[in-house]
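Comments concern the structure below.
The following block contains the structure:
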C-alpha cells in the first residue's frame with residue numbers, strides 16, 4: 001500500500017498504521033482474521049470523505065460539473081485489499097473472468113485491447129473483408145450497479161461463501177461525508193469508488209455480457225472496464241445493418257437487466273475497408289437511437305484511421321504537445337526560467353511517455369511515421385536547448401542528450417512483442433525467444449504469502465554455524481561464492497559456481513542464498529546466513545515474490561525453522577564475507593558456465609539500450625547536419641544537457657553570427673571587422689573586435705584550445721557569452 005495516500009474520515013495516515021503494524025503484528029493479524037472469519041466490515045471503515053474537483057470548462061452550478069474523489073479509511077482499505085486479492089485469486093484460478101476483458105486484471109492493459117482491435121482489422125484486410133468497430137459508451141456505469149446483482153453474480157460464479165458474506169457486509173451501510181458542507185449521506189448502489197474491490201465487482205457484472213456474446217460467431221466483443229467494443233467483418237459494409245442487429249440487442253438486454261444505461265450520443269462506429277473507399281455505410285441503432293459513423297475512431301487513447309497509417313493519431317499528439325510546451329514556455333524563456341535539466345526531466349518523465357503511449361501498437365519503420373515522431377519530439381527539444389528554430393533535430397538530440405524518439409519507440413515495441421505477444425525479437429545480432437526470458441508468475445493463494453525477517457548481523461557474536469554468501473559480476477561474468485564456518489570458527493566447506501553472464505548482481509546474491517539454504521536444508525542445528533545484499537534480504541522480507549529464486553528461498557524458509565538471515569556491510573574486512581567474495585570472483589574465471597538462468601528483464605533492457613546507442617551513434621556519424629557540432633561532440637551521450645541560449649549559438653553556429661544571418665535572413669555575412677566571414681571560429685579566435693574580451697576571460701594558450709575546452713572553463717564561458725551578446729546587439733542595430 002502506498003504510504004503517501006491521503007487519509008480518510010478517521011484522519012489516520014497509512015504510515016501511522018504501518019508503524020502500529022510493526023509494533024504489534026499479532027494483534028493486527030488477529031483483527032483482520034476476525035473480520036474475515038465473522039464476515040464483518042466495521043461501519044466506520046466504510047465511510048468515504050468526498051472531495052469535489054471541478055471539471056474544466058463546465059458550469060459549476062451543475063452537480064455533474066464536479067468529479068468526486070473518495071478518500072477511504074486506511075483500516076478499511078487494508079481489509080478491502082485483502083478481500084479483493086482473495087476474490088481475484090478465486091475468479092482467475094477458476095477461469096470465471098472472460099478472456100476478452102482487459103481492464104483491472106493482472107498482466108493485461110489497454111495495449112492488449114488495442115492490439116486485439118488492430119489484429120482484427122489487419123486479419124480482415126488479409127481476407128479481403130470489410131471490418132467494423134463499434135465503441136459503446138456507458139453512462140455512469142460504476143455508480144449504477146445494484147448491490148443485489150453483484151451478490152447474485154458472485155453466488156452464480158460459486159465464489160466462497162465467506163467471501164460473499166464479507167463483500168455483502170462491505171457493501172451494506174456505506175456512507176459518504178463532506179465535512180465542509182455538513183453532508184452525511186447513505187447510499188445503496190454502485191461499486192464503492194476508491195476501493196480495490198469496486199473494479200473487481202464491476203468485472204463480475206461485465207462478465208455476464210461477454211459470456212452472452214460468445215454465442216454470436218459473426219462478431220467479437222471485448223471490454224476494458226466499462227468500454228465496450230464490438231468487432232465484425234463481412235464481404236460488404238451494408239451487411240452489418242442486419243448481421244449486428246441481434247448482438248446489439250443482446251447488449252441492450254444486458255444493460256436493462258443490470259439497470260445500466262448506454263449513451264447513444266457518445267457511441268460511434270467506424271468501417272475499415274480492405275481496398276476501395278466505403279460508399280454504403282450500415283445503419284446501426286442502439287436504444288432506438290442511431291450510432292454515429294466517424295472517420296477516425298478514438299479507442300482507449302489511440303486514434304484509428306481507416307488505413308491504419310496513424311498520421312491522424314500523431315497529428316493529435318503533436319497538437320497536445322504543442323499546447324503543453326506553450327504552457328511550459330510561460331515558465332522558461334531563452335534567457336530566464338526553468339533550468340534545462342528540469343525541462344529535460346519533464347520531457348522524459350511526462351512528454352515522452354505521453355507521446356509513446358500505444359507505440360507497441362502503432363509504431364513501424366515507416367519513414368513518414370518516423371519523421372512525424374521527430375517533429376513532435378523537436379517541439380520539446382527546442383524548449384530544452386533554447387536554440388534557434390533553424391537548428392537541426394540531429395543537433396538537438398546531441399545537445400539535450402535525448403535520443404531520437406523513434407529509436408525509443410522501437411525498443412518499446414520489441415519489449416511488447418517479447419513479453420506480451422511472446423514473439424521472437426532480434427536485438428543487434430542476438431535472437432531472443434520468450435522461452436529464454438524470465439517470466440515468473442506466482443500462483444500461490446494470497447493467504448499463503450510469506451515474508452522472512454532479517455537482522456543487522458555481527459559475525460563475531462554467537463557460537464553457531466555461520467554461512468557467508470556473495471555474488472560478483474566481473475568483466476561481464478557472474479559468479480557466486482559460499483563459505484561455511486563451524487561453531488568453533490573453523491572453515492567447514494566452501495562452494496562456488498559461475499552462472500549466466502546475463503544475470504544481474506541481485507540474481508547472483510539471491511542464488512547464493514538459495515544454494516546455501518539448499519545445501520543445509522537437512523541440517524537441524526541453528527544456522528546464521530550472512531549476506532551483504534540488503535536488496536535481496538528486503539525482498540525476502542516482503543510479501544512480493546518477484547523472481548522464481550526468491551520464491552524457492554521462501555519455500556525452504558517456510559519448512560525450516562533453524563535459519564536466520566543477517567545483513568553485513570561489504571568490504572569492511574569481515575573474514576567470512578571476504579572469503580565468499582573471493583570465491584565469487586574466482587568463479588567468474590571458470591571457462592564453463594555451471595548454471596544457466598533465464599534472461600532477466602534488466603539484461604534485455606540493457607541490450608536494448610546498447611542497441612539504441614549504437615543506432616543513434618551510427619545516425620549521428622552519417623548525418624549531413626550539424627557537422628560543426630559533430631567536430632565538438634562526436635559521441636552521443638544520455639548524460640549531456642546543454643541549454644544555454646548564448647553558448648548553444650556557438651555550438652550550433654545558428655544565431656547572431658553574421659554567416660548565419662546572411663544565410664537565413666539575407667544580411668551581410670562579412671564580419672564587421674572586414675577581415676573575414678563572420679563565422680564562429682573567426683569571432684571566437686581571430687576577430688580583433690573581441691581582443692579585449694579574450695584577454696580578460698580566456699586562458700593564455702586559448703589559441704591551441706578547442707571549443708570544448710573553452711566551454712568547460714567557467715571563466716572562458718563568460719567571455720563566450722559576451723561575444724554572443726555583442727553580436728545580438730549588432731543584429732538588432734542592423
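In my numbering, the protein residues as written are 1 to 734. All C-beta atoms, glycine included, are put in the ideal place defined by N, C-alpha and C.
In summary, residue 664 is exposed, with fewer than 16 beta-carbon neighbours lying within 10 Å of its beta-carbon over all protein chains present.
Excluding residues up to 5 positions away in sequence, 546 and 550 lie with their Cβ nearer than 7 Å to the Cβ of residue 539 in the same chain. CA-CA distance, residue 517 to residue 374, rounds to 53 Å. Within the same chain, Cβ atoms closer than 7 Å to the Cβ of residue 670 are found at 658, 677 and 678, the five residues on either side in sequence being excluded. Within its own chain, the residues whose Cβ lies closer than 8 Å to the Cβ of residue 59, once the five positions on either side in sequence are excluded, are 65, listed in chain order.
DSSP, read as helix, strand or coil, puts residue 374 in helix. Contact check for residue 136 against residue 86 fails: the beta carbons are separated by 8 Å or more. Under the three-state reduction of DSSP output, residue 406 falls in the helix class.
Within 10 angstroms of the beta-carbon of residue 732 lie fewer than 16 other beta-carbons, which makes it exposed. Residue ranges of uninterrupted alpha helix (DSSP H) with 4 or more members, entirely inside the segment 621-681 and ordered along the chain, are 627-632, 645-652 and 658-665. With a beta-carbon spacing of about 7 Å, residue 74 and residue 13 fall inside the 8 Å limit used to define contacts.
Three or more pairs of CB atoms, one per stretch, sit closer than 8 Å, so the segment 260-268 contacts the segment 138-147. In the DSSP assignment, residue 465 falls within the beta strand (DSSP E) that extends over 465-474. Our two residues, residue 400 and residue 640, have alpha carbons roughly 6 Å apart in a direct line. Take residue 209, set aside five residues on each side of it, and the residues of its chain with a beta-carbon closer than 6 Å to its own are 254, in chain order. Take the alpha-carbon of residue 565 and the one of residue 506: they are about 16 Å apart. When the alpha-carbon of residue 176 is set against those of 108, 70 and 548, the nearest one is in 70. The beta carbon of residue 563 sits closer than 7 Å to the beta carbons of 517, 527, 529 and 557 from its chain, once the five residues preceding and following it are set aside; these are given in chain order.
Around the beta carbon of residue 119, fewer than 16 other beta carbons sit within 10 angstroms, so the residue counts as exposed. The segment 132-206 contains, as complete alpha helix (DSSP H) runs of 4+ residues, the segments 147-156 and 161-171 (chain order).
For the segment 506-583, the continuous beta strand (DSSP E) assignments of 3+ residues that do not extend past its boundaries occur at 527-531 and 563-567, in sequence order. The beta-carbon separation of residue 418 and residue 437, rounded to 7 Å, stays under the 8 Å limit for a contact. For residue 64, the three-state secondary structure derived from DSSP is helix. Take residue 512, set aside five residues on each side of it, and the residues of its chain with a beta-carbon closer than 8 Å to its own are 469, 470, 471, 480, 481, 482, 531, 580 and 584, in chain order. Sorting 369, 524, 607 and 10 by C-alpha distance to the C-alpha of residue 178 places 10 at the top. Here the alpha carbon of residue 173 sits roughly 12 Å from the alpha carbon of residue 40. Counted as a single uninterrupted DSSP element, the beta strand (DSSP E) harbouring residue 455 occupies residues 454-456.
For residue 262, the enclosing beta strand (DSSP E) starts and ends at 261-272. DSSP, reduced to helix, strand and coil, places residue 54 within a strand of the structure shown.
The way I'd put it, the segment 633-649 doesn't touch the segment 406-415; fewer than three beta-carbon pairs between them come closer than 8 Å. With contacts defined by Cβ atoms closer than 8 Å, residue 265 and residue 205 do not form a contacting pair. Residue 218: not part of any beta strand (DSSP E); DSSP gives it neither H nor E. Scanning 383, 355, 388 and 248 for the CA closest to the CA of residue 372 turns up 355.
Between residue 408 and residue 352, the C-beta spacing is below 8 Å. According to the DSSP secondary-structure assignment, residue 460 is paired through a beta bridge with no residue.
Judged by pairs of C-beta atoms under 8 Å, the segment 243-253 touches the segment 215-226, as three or more such pairs exist.
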